[in-house]
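Undergrad: Heads up: the protein sequence lines correspond to chains L and Y, in order. Residue numbers for the first sequence follow our numbering, beginning at 1 and rising by one. Residue numbers for the second sequence follow our numbering, beginning at 1001 and rising by one. Ideal placement from N, C-alpha and C gives every residue a C-beta, glycine not left out. Mind having a look at this structure? Questions to follow.
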Amino acid sequence: MGEIVRASRGDSEGLPAMPPPAAAPMSAPAPQDEGIDPRRLIEALYRRRRILIVTMLVAALAAGGGALTLPRTFTARTSVLVLPDSDPGYLGSRSAGSGPVESHVDLLREFVQSRAFMQPTLQRLGYLDEGEDPDRVGAAVRGIQAGVRARPLGAAAFEVTYTGRDPAWPLRIVDAVVSSFIDVSTRARASQAEQAAEFLENQLAEYRKRAADAQAAVDRFQREHATTLAQAPESTSSRLARVEDGLIEARMSQMDAEMRINLISRQIESTPQTVVSERSRVPNPRVLAFQSELARAEAQLAALQARYTDQHPEVRAKMREVEDLRGRYNDATSQPTTSGAETTRVNPAYERLKDDLLTAQNQAAAARARVAEFGGLMNPARSAATTVPVVRQQWEVLQMRARTQEGLYNTLVERLEQARLASEMDIRRSRSIYQLIDAPRLLPSADGKKRLGILIGGLGAGLLLGLTLVGLQEMTDRRVRSAEELERSLGLPVLASIPLLPEMPYEVQVRRSRQLLAVKIAVAAALVALLFVLGARTNAGRDFIRERAPAPAAATAGSAATTVPAPAAPQNR
Amino acid sequence: MNRMFLPSVRETYSDHQSLVELSESRRRLLEEFRGLYTAVLARMDRDRGIVLGVSSPMHGEGKTTVATNIAGAMAADLEKRVLLVSSVFHPADRRTGERPGLAEYLADPARSLEELLVPTPLPNLHVLFAGAAPDNPSRLLRGERMRRTVTELRERFDITVVDLPPVLRASDTQVLAGMMDGILLVVGVGATSIWAAERAVKMLAGANLVGIAANRAQSELPQWLARWIGGNEWVA
């Protein structure tokens, strides 16, 4: 309303000489406001305040009624100190590592939810006696699981509480749960350490057997391959080389003898067995000598040519010697022979050639025998040369395996000793991980707070419902709410915003205002009284004093009325 | 006319209460009406012979209150002859007619306007009542006699304020609005829908709609809350 045309006000005497009004509002509507105007929001809430009040009252009455029907509950609590650096992770807590105390708390929660843990707890509570109704036991398990709560207390302790309707049970249940938890966790730690040692012992026997097996395999292999292992790989290879050389040499001798046999056979074929002459002709002794030398040199040349090429120096020397002998033989044959009586007699050259042939055949037979001998030695030598290294390698592998198994066995023996020492220390330490700080005791009832919370929740729900209704009404209400809205919607200037005229005298307004104030004070007093009634409980003042007063004073105040001595609660486990 | 809450008029009618004695809210209310007629007159093309019609979309939006108050304020503040033609009858309103007025003048050409004008304690303010509603008021209001009457009022008075029927309730208002020099539309905040206000503006498209007076436009919040939030001139 502050933006209404106010500049047009002028002097009250006569028409003012003012400039014509701006035409902008007449032509185009003002732009729409964006966002929520807090003032309009407050106005809308105030305008619809009756809806808000009614919905909140209805919701509060409903919540109050529900809160009054809540049964009375009793809570017992105890605190447990946790040894620092005691990680319960190996006991199976899924949240191990979230925090030292949190891990223990999570472990306790998991224990409470497990059937195995409930056995000792129920036994302590006397539920597992003979003839016990299974349904009753099941109901007790469900009740304990639903009512037991655990939460960390600082960095080194946690508390366990149980809330139930029967005042006789919370103390017993808290004591049984905490005692069972400490027993079970201690047993679990000891069992864990024993299992570790047992596992190592089982492993030790296994490794001992493996080492023995490996050594037995070495011995057996050594027995089976004693002869092979006795041979050195170097002697077998040199023997194989010697056999190969002998075989080659024998084959060369055989070839040499066979070539000489062929050559002599050809010479025998070309040499007549007998010599016929009218006169006895005496052969030239020089020719005969040259002929014999030439035949021997040609045989040697053939043998060399069989072994070497023609470029070999020995072959070439032998070839020159043969040429020289052949030339001297030709010279000797051109000279005249001694005349004599013509007779027929055995050719001596033929006889000599036959002798040579026999000699060569003997040499060839000897060479064949040697080839056969070396051929027979070849396969065993070759087999020995390949088998011995393989056997030796297998033997070395077996020996290495045996040494490895023996080393593992020795390491395991050392570990077992260490594990035994560690498990003994762990078992000794686990007995002092948990220590009860205080015995289980009954807490002051929190029913009042719970009821107050329900009442406040009901008020909040009523407020939300009322706000929703107000929003719906404001969205559907199309009535003009302000001069600005008129200007926006109609595109016309609002020349004045005239307030509602007072309908009643000032005295009446003051009287009504005072009456309204009195009513509000009465409602507030009634609300305070209601809250007091909802939050009230018996012995509240006594509990308040006992919790805050020093110990001697608490003793004189008769605190034994609510603090029940712990029934054989484990103090130091 | 309910003069109980007309500070400027009552102040002038009887000297029992001076302007100084007015409460703060009423003094500011008077200033609001002064600002309203000042803005209206500034939008007229002349300063004499002005016929201003005051109407609203529906009944009960404060149109008669606004018309009466700006007429009284103008008569008190300005040295001009002012006439208030009060509550022009329409078919749905049979309450008027206690005193002779416009209806009798329109129906009987022999009657003189002088005898129908009612003087007030303000020497320059006169009132012309609506008179007894005829059987067919549209015939009178749309006739040539009505047009001549408006011309006559324009000549005899410097400013004539005519309290017209609601626009959406009487079609005669559109005809009468065409005879006026300007129309002031009164809209009751918190009572009238935007739809009705828009429709009224469309129906007065042929007239010179000078502006809108937002009636009952103060915040609905209590004074302490409005003062705490700020922005409400009526609690400052």
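For the beta strand (DSSP E) containing I454 (chain L), name the first residue and the last one.
TA: First-last for I454 (chain L): D447 to T476, but that is the alpha helix (DSSP H), not the beta strand (DSSP E).
Undergrad: With a threshold of 6 angstroms on Cβ separation, who are the neighbours of L233 (chain L) within its own chain once the five nearest residues in sequence on each side are excluded?
TA: Per the sequence shown, residue 233 (chain L) should be read as Pro rather than Leu. Result list for P233 (chain L): V388 and P389, in chain order.
Undergrad: Just to confirm my understanding: we take S237 (chain L), look at its own chain, exclude 5 residues before and 5 after, and list those with CB closer than 8 angstroms. What are they?
TA: Only A385 meet the Cβ criterion.
Undergrad: Determine the DSSP secondary structure at R165 (chain L), reduced to helix, strand or coil.
TA: In the structure shown, R165 (chain L) sits in coil (DSSP, three-state: anything other than H, G, I, E or B).
Undergrad: Residues of chain Y with a CB under 8 angstroms from the CB of A67 (chain L): which are they?
TA: Those within 8 angstroms of A67 (chain L) in chain Y number zero; the least Cβ separation is about 32 angstroms.
Undergrad: Helix, strand or coil: how does DSSP classify Y46 (chain L) here?
TA: Looking at Y46 (chain L) - three-state DSSP - the assignment turns out to be helix.
Undergrad: Is the Cβ-Cβ distance between E1104 (chain Y) and L1113 (chain Y) less than 8 angstroms?
TA: No, these two residues do not count as a Cβ contact at 8 angstroms.
Undergrad: Chain Y partners of I36 (chain L), CB-CB under 8 angstroms?
TA: Within 8 angstroms Cβ-Cβ: nothing; I36 (chain L) doesn't reach chain Y, min ~14 angstroms.
Undergrad: List, in order along the chain, the chain L residues whose C-beta lies closer than 8 angstroms to that of I1229 (chain Y)?
TA: Here the neighbours are P38, R39 and I42.
Undergrad: Please say whether R345 (chain L) and V275 (chain L) have beta carbons closer to each other than 8 angstroms?
TA: Their beta carbons are under 8 angstroms apart, which means V275 (chain L) touches R345 (chain L) by this criterion.
Undergrad: Secondary structure at R1048 (chain Y), three-state DSSP: helix, strand or coil?
TA: Three-state DSSP puts R1048 (chain Y) in coil, outside helix and strand.
Undergrad: Exposed or buried, P1165 (chain Y), counting other C-beta atoms within 10 Å across all chains shown (16 or more means buried)?
TA: So P1165 (chain Y) ends up on the buried side.
Undergrad: So, does the CB of P552 (chain L) fall closer than 8 angstroms to a CB anywhere in chain Y?
TA: Low per-residue confidence applies at P552 (chain L): pLDDT is 46, beneath 50, and the placement is therefore not dependable, though the value from the model is reported in the following sentence. Taking Cβ atoms only, chain Y never reaches closer than 8 angstroms to P552 (chain L), which makes this a no.
Undergrad: From V1175 (chain Y) to L1204 (chain Y), what does the alpha carbon distance come to, in whole angstroms?
TA: If I take the Cα positions, the gap works out to 9 angstroms.
Undergrad: Would you mind listing the beta strand (DSSP E) stretches within the region 1087-1162 of chain Y that are 3+ residues and don't spill past its ends, in chain order?
TA: Counting whole runs of 3 or more residues, the region 1087-1162 of chain Y contains the beta strand (DSSP E) stretches 1125-1128.
Undergrad: Taking Y1037 (chain Y) as the reference, give the member of Y:V1054, Y:A1170, Y:T1068 and Y:M1074 with the closest Cα.
TA: When each option's Cα is compared against that of Y1037 (chain Y), the closest is Y:M1074.
Undergrad: Could you pull the start and end residues of the alpha helix (DSSP H) that R151 (chain L) belongs to?
TA: Per DSSP, R151 (chain L) belongs to no alpha helix (DSSP H); it is in the beta strand (DSSP E), V148 to L153.
Undergrad: Hey, does L490 (chain L) have any beta-carbon neighbour from chain Y nearer than 8 angstroms?
TA: Closer than 8 angstroms: yes.
Undergrad: What do you reckon, are the CB atoms on G1211 (chain Y) and V1066 (chain Y) nearer than 8 angstroms?
TA: No, Cβ-Cβ distance for G1211 (chain Y) and V1066 (chain Y) is not below 8 angstroms.
Undergrad: For the beta strand (DSSP E) holding S103 (chain L), just list the boundary residues, first then last.
TA: Not the beta strand (DSSP E): S103 (chain L) falls in the alpha helix (DSSP H), residues P100 to V112.
Undergrad: Could you name the residues of the same chain whose beta carbon sits closer than 6 angstroms to that of D213 (chain L), not counting the 5 residues immediately before and after it, in chain order?
TA: Here the set comprises nothing.
Undergrad: Do you know offhand how far A496 (chain L)'s Cα is from S1138 (chain Y)'s?
TA: Those two C-alpha atoms are separated by around 31 angstroms.
Undergrad: On the criterion of 16 or more Cβ atoms from any shown chain inside 10 Å, does N1069 (chain Y) qualify as buried, or is it exposed?
TA: The residue is buried, with at least 16 neighbouring Cβ atoms inside 10 Å.
Undergrad: What span of residues does the alpha helix (DSSP H) with Y434 (chain L) cover, start to end?
TA: Note, Y434 (chain L): premise wrong, no alpha helix (DSSP H); beta strand (DSSP E) at Y434 to L442.
Undergrad: Could you tell me whether the Cβ of R1216 (chain Y) comes closer than 8 angstroms to any Cβ of chain L?
TA: Chain L, which has a Cβ nearer than 8 angstroms to the Cβ of R1216 (chain Y), makes this yes.
Undergrad: Quick one: does P20 (chain L) have its CB under 8 angstroms from some CB of chain Y?
TA: For P20 (chain L), the predicted model reports a pLDDT of 38, less than 50, meaning its position is unreliable; a value from the coordinates is still stated below. Judged by the 8 angstroms Cβ criterion, P20 (chain L) is in contact with chain Y.
Undergrad: Classify D133 (chain L): buried if its beta carbon has 16 or more other beta carbons within 10 angstroms, exposed otherwise.
TA: Under this definition D133 (chain L) is an exposed residue.
Undergrad: Does DSSP classify A1042 (chain Y) as helix, strand or coil?
TA: Reduced to three states, the DSSP call for A1042 (chain Y) is helix.
Undergrad: DSSP on E1061 (chain Y), reduced to helix/strand/coil?
TA: Note: E1061 (chain Y) maps to coil in three-state DSSP.
Undergrad: What separation, rounded to the nearest whole angstrom, lies between the Cα atoms of D166 (chain L) and T73 (chain L)?
TA: The alpha-carbon atoms of D166 (chain L) and T73 (chain L) are separated by roughly 7 angstroms.
Undergrad: Does the Cβ-Cβ distance between L301 (chain L) and L325 (chain L) come in under 8 angstroms?
TA: Contact: no.
Undergrad: For L122 (chain L), count neighbouring C-beta atoms within 10 Å of its own C-beta (all shown protein chains included) and say buried if the count is 16 or more, exposed if not.
TA: When all chains shown are included, L122 (chain L) counts as buried.
Undergrad: Using a cut-off of 7 angstroms between C-beta atoms, extract the partners of R47 (chain L) located in chain Y.
TA: In chain order: E1220.
Undergrad: Which partner residues of E159 (chain L) appear in the DSSP bridge assignment?
TA: Per DSSP, L:S79 and L:R151.
Undergrad: Just curious, the beta strand (DSSP E) that L500 (chain L) is in, first and last residue?
TA: L500 (chain L) -> no beta strand (DSSP E), and no H or E assigned at all.
Undergrad: How about A1071 (chain Y) and V1082 (chain Y): are their beta carbons less than 8 angstroms apart?
TA: In contact: A1071 (chain Y) and V1082 (chain Y) (Cβ atoms closer than 8 angstroms).
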